[in-house]
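Structure first, commentary second.
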Amino acid sequence: MDTHPPAFELYGLRKTFGEKRAVDGVDLTVPRGSFYGLVGPNGAGKTTSLTMAVGLLRPDAGGAQVFGTDVWGAPDRAKAMIGVLPDGMAMPERLTGRELLTYLAQLRGLSPAQVQERVDDLLSGLGLDEAENTLIIEYSAGMRKKIGLAGALIHAPRLLVLDEPFEAVDPVSATVIKDLLRSFVDGGGSVVVSSHVMALVEQVCDHVGVIARGRVLAQGTVGEVRGDHAGLEEAFVDLVGAPEPVKGFAWLA
Amino acid sequence: MVGVMVRMKLAILRHGSGSRRAVGGVVGLALAIATLLTAAFAPLPAAAGLLAALVAAWTLGWVLGPSGSGGGDQSLRPEYFALEAFPVRRITAGLLASAFVGVTAPVTALALVSLVLLGARFGAVAALVAVVAVPAQLLLTVLASRVVTALSSAALRTRLGIEVTALQNAAVLATGFSVFMLYQAVSQYSDVLGSLWNEGFADPWTSVLFALPSGWGVWAVTAAGEGNVLLALGLLLALGLSSMGLIAVWTRLVHTRVTSPTTAPGRVGGGLTGYAVRVLPSGPLGAVVARELRTWGQDPRRALELRIALWTGVLVCGLGLLVGLTFMVPLAGLVTLALGALMSLNVYALDGTALWQTLLTPGAERRDVRGRQLVWLLLFVPVAVVLSAGGALVTGQDWAWPWVAALLPALAGAGAGFSVLFAVAWPAPGPEPHRHGGDALESGDVVGQFTLLFPILLVSCVPPAVVTAIGVFGGLPGVMWAGAALGAVEGLLFWWVLGRVAYRRLERRGPELLTTLRWGWDATAGQSVAERVEHGGPDREDGGGGDGPEEHGALVDRVGRNLETMPPRTGALMAVLGLTFWLPLYQGAMSLIALATGAVGRSWHLPLYLPEALRMPGAVFALVLGAAMAAALVWLLLRRPREDGDGVRSPGPGPDAERPGARPTTGS
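These protein sequence lines map, in sequence, to chains A and B. Read in the numbering used here, the first sequence has 196 at position 196, and its numbers run on one by one without any break. Read in the numbering used here, the second sequence has 477 at position 477, and its numbers run on one by one without any break.
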């Protein structure tokens, strides 16, 4: 038995929707204390893999472990250690930002004093205090991401799994989120983010996994995956394969 | 453009589920044939009035149906065409043309052919007027439906609009609940159906029915038949002009919708729920209760359903007082509870994928289910108690106490148990709450769940009702109050056991429920995505017998699987059985009671119209028939799914599929 299992390990994940193999044998290892970027083109299987790995979608085969605890075998212990931000899912839309965070904190069984402290910290830290009395359904896309992130942090997890956390977030808020996640990692936490923006991953992550057509094409430290290429983007295009250049359409002036 | 939109609608129908259309088609066809038969065979003096009433009923169905079934047809939405470079007029024209595509409009057209039958009985001119009146009346009906739906969808953005829409729906429901009792009360004195059929409605009512726009077609045909061609032409013109007016209004509404799609304005803090939320204990269960109270107060869809249930109870009370049938008043609380259960049987689907937060919090499934049950009880039971107990006190009806004491707790427990179980086991997914288009009414269609839950609620009242009846009619006070005790025990059991089945299911199949809510019905495969996941996934936990609730859970799974994989024909059969099985049971039982007690009134109990010697066998036959229909219904729900045939695809788990949680031993 490994006494120091990795923070997050995805093994043999498979998922087929109808005829389409969305995820075809994904194995990923997220070392402890790493800031891990999962990159890939649209429809590569990033979201499906992460959704299965955190226990929200049942895999056809394979599974995931959080610090050695199996997500599908011992869900309660595993889920206590993860904070998740899924992409595009609903929340209790008719609560205000403060009510949502309070709800999530109480649902996790935090004491009233803890609830108060953490909700206040997260609302002001993420710049949501102005919108704390606005219903979630009226939040902009970027604010939804931020309140979702706050919800993922409220129970002080050891691992964060964030699907497209920077999408639709303005540059100032993105900086705030990046700083917050970095300090989380510095404090011993581990983070997995998915993205299709290479520059961002190259900037904030220390480890990276490249996924395309449901398979892992490369993984390791950013330096290892980049190899001899000028940047991560070039390495990625090399791995995934460059598309045929489009010269434009005759009818489109 | 109009052609393109009609083709879009056809394509959407092709890819959609056929079972709903089949059920709707069968029921609609039966009603249309009944309408045609009335027009053809009712005695002439009565026929016109009867037909006007039936057309009014069809129109009412068109106008109020959509808000009862998830916002009506949403396959083509105005927003889709918001960026197209042509005037709103043409969008409206396309939407109107596509409204005629499907099952409902042709069935209604068939029903309206009854105008031609009526006209033919008057003569050639009347028939000719009818041929023009049929399309005109159909157009008016479809337009009225679209305009009212668009108006109430716009109205739902305001609190007043929610209240008004709820009152409308509640009025129809309350009348529906009361009409039977009203009929029973009136038929004590005369043969209502017989005199209706032979003499039609008494005069002011026929005039009112003619004067309503739904009656103009019938009026035109009758006028032509009586030689007043000018009036007939005037009425046809009025039909046409009204349609044009409605088109203008609808165009305005479509224009508003494509130019300013918006969500409901937020209302924060305050109110009764705001106060309740502040005094709740801090903790997981309190958190769920607070969230639910908030959502019932703020979500327009839920607010509407809550108010429909509450208003219906109040209106049943009012109707009873108004017409002097005070015996209805103590029953209003029971009606409120039954409607409360029906209105909240789809709460998980209404919340959409927000379920993920529950699934990712250890142990939250049980709190979520129990919290929802608690809030359901908090919302509906006090009102039901006030209506029933208050009603009995105010009207001084002491006979009602044992019945209310026996049935109220049973129904409260059954409502809190079954509604949450339905919500977990058989959700009707609709659009995500944060992705509503311009229509806050829009949600999954729960007509199938309605037809299933309503008889279940009735049946769950039977044991305490029977014990109470024995006590009351046998003059045994002890037995009478044992009925109340039985009701309380039964209610408690329903609440506890069904809630437990629901949260156990949520714990085991939460990800599957989330998948269903996220991607909904998979039209191309003819089964829900969850179903495919279940069949294809390696997680089948068959064969594990275990304790009671566990087996109950397997039963729930089987019912769910049968419902989800049911071919259209079986679905139609089941809906018809579910809607009618109680009729022969009721007829048989009432006839037997009448025969046993020697009561004189035959009312509409058919076995009593048989020759003397056949009455008893006829009544027994009706009972057996009803029991057989109920048994067939239960069998359809509980049978083991077949592995082949019936159009059910069952890919089955691959033999080499790895089980999740079974970590492979190979190093990584």
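Backbone N, C-alpha and C fix where the C-beta goes; we use that ideal spot for every residue, glycine too. If you're wondering where the values come from, they're calculated on a predicted model, not measured in any experiment.
Glu163 (chain B) is outside the set of residues whose beta carbon lies under 8 Å from a beta carbon in chain A. Any Cβ of chain B closer than 8 Å to the Cβ of Val119 (chain A) would place that residue at the interface, and such an atom is absent. Segment contact: the segment 36-52 of chain A against the segment 328-338 of chain B, fewer than three CB-CB distances shorter than 8 Å; contact not assigned.
Following the DSSP letters along the chain, one finds Asp27 (chain A) inside the beta strand (DSSP E) bounded by residues Lys20 to Val30.
For the 8 Å CB-CB criterion, Gly151 (chain A) and Leu101 (chain A) form a contact. The beta carbon of Gly444 (chain B) does not come within 8 Å of any beta carbon belonging to chain A, so the residue lies off that interface.
Cβ-Cβ distances below 6 Å link Val288 (chain B) to Arg367, Asp368 and Gly371 in the same chain, with the five nearest sequence neighbours on each side left out; the list follows chain order. For Gln298 (chain B), the nearest beta carbon of chain A is closer than 8 Å to its own beta carbon.
The alpha-carbon of Gly227 (chain A) is positioned some 11 Å away from that of Ala218 (chain A). The beta carbon of Gly83 (chain A) sits closer than 6 Å to those of Ala152, Leu153, Pro157 and Leu160, all from its chain and outside the five residues before and after it, given in chain order. Sorting B:Leu421, B:Met343, B:Ala485 and B:Leu115 by C-alpha distance to the C-alpha of Gly49 (chain B) places B:Leu115 at the top. Per the Cβ contact rule, the segment 162-177 of chain A is not in contact with the segment 132-139 of chain A (fewer than 3 Cβ pairs under 8 Å). A straight-line Cα-Cα distance of about 10 Å links Ala632 (chain B) and Leu638 (chain B). If you draw a 10 Å sphere on the C-beta of Glu202 (chain A), you find 16 or more other C-beta atoms in it, and that means buried.
When DSSP states are grouped into helix, strand and coil, Glu226 (chain B) belongs to the coil group. Along the segment 98-124 of chain A, the positions whose C-beta sits under 9 Å from a C-beta of chain B are Glu99, Leu100, Thr102, Tyr103, Leu104, Ala105, Gln106, Leu107, Arg108, Gly109, Leu110, Ser111, Pro112 and Val115, read in chain order. It is roughly 41 Å from the alpha-carbon of Glu130 (chain A) to the alpha-carbon of Leu337 (chain B). Measuring C-alpha to C-alpha distances from Lys15 (chain A) to each of A:Leu239, A:Ala61, A:Phe35 and A:Val204 identifies A:Ala61 as the nearest. When DSSP assignments are scanned along the segment 16-56 of chain B, the uninterrupted stretches of alpha helix (DSSP H) that are 4 or more residues long and fall wholly within it turn out to be 18-41. Between Leu13 (chain A) and Val383 (chain B), the alpha-carbon positions lie close to 51 Å from each other. Here the alpha carbons of Val316 (chain B) and Thr175 (chain B) stand approximately 8 Å from one another. Pro157 (chain A) has a beta carbon lying at 8 Å or more from every beta carbon in chain B.
Shown here, Tyr586 (chain B) sits in a helix according to DSSP, grouped into three states. Annotation note: the segment 180-217 of chain A contains the following uninterrupted beta strand (DSSP E) runs of length 3 or greater, listed N- to C-terminal: 190-195 and 207-212. Taking the beta carbon of Pro92 (chain A) as reference, the chain B residues within 8 Å of it are Arg291, Arg294, Thr295, Asp351, Ala354 and Gln357, listed in sequence order. Closest option to Gly318 (chain B), judged by alpha-carbon separation, among B:Pro284, B:Val249 and B:Ser388: B:Ser388. Beyond the five residues adjoining it in sequence on each side, Ser242 (chain B) comes within less than 7 Å, by CB distance, of Leu140 and Pro213 in the same chain, given in chain order.
For Glu224 (chain A), the uninterrupted alpha helix (DSSP H) run begins and ends at Val222 to Arg226, by DSSP.
Not flagged as an interface residue toward chain A: Ala502 (chain B), since no C-beta distance is shorter than 8 Å. Residues of the segment 73-84 of chain A with a C-beta less than 8 Å from any C-beta of chain B: Gly73, Pro75, Asp76, Arg77, Lys79, Ala80, Ile82 and Val84, listed in chain order. By the Cβ rule, the segment 484-501 of chain B counts as touching the segment 451-469 of chain B, because three or more pairs are nearer than 8 Å. Looking from the CA of Met480 (chain B), the closest CA among B:Leu112, B:Val279 and B:Leu407 belongs to B:Leu407.
Pairing Val221 (chain B) with Gly119 (chain B) gives a Cβ-Cβ distance under 8 Å. The beta carbons of Leu345 (chain B) and Gln449 (chain B) sit closer together than 8 Å.
DSSP places Lys15 (chain A) within a strand segment (E or B) once states are collapsed to three. Taking C-alpha positions only, Trp251 (chain A) is separated from Ser419 (chain B) by approximately 57 Å.
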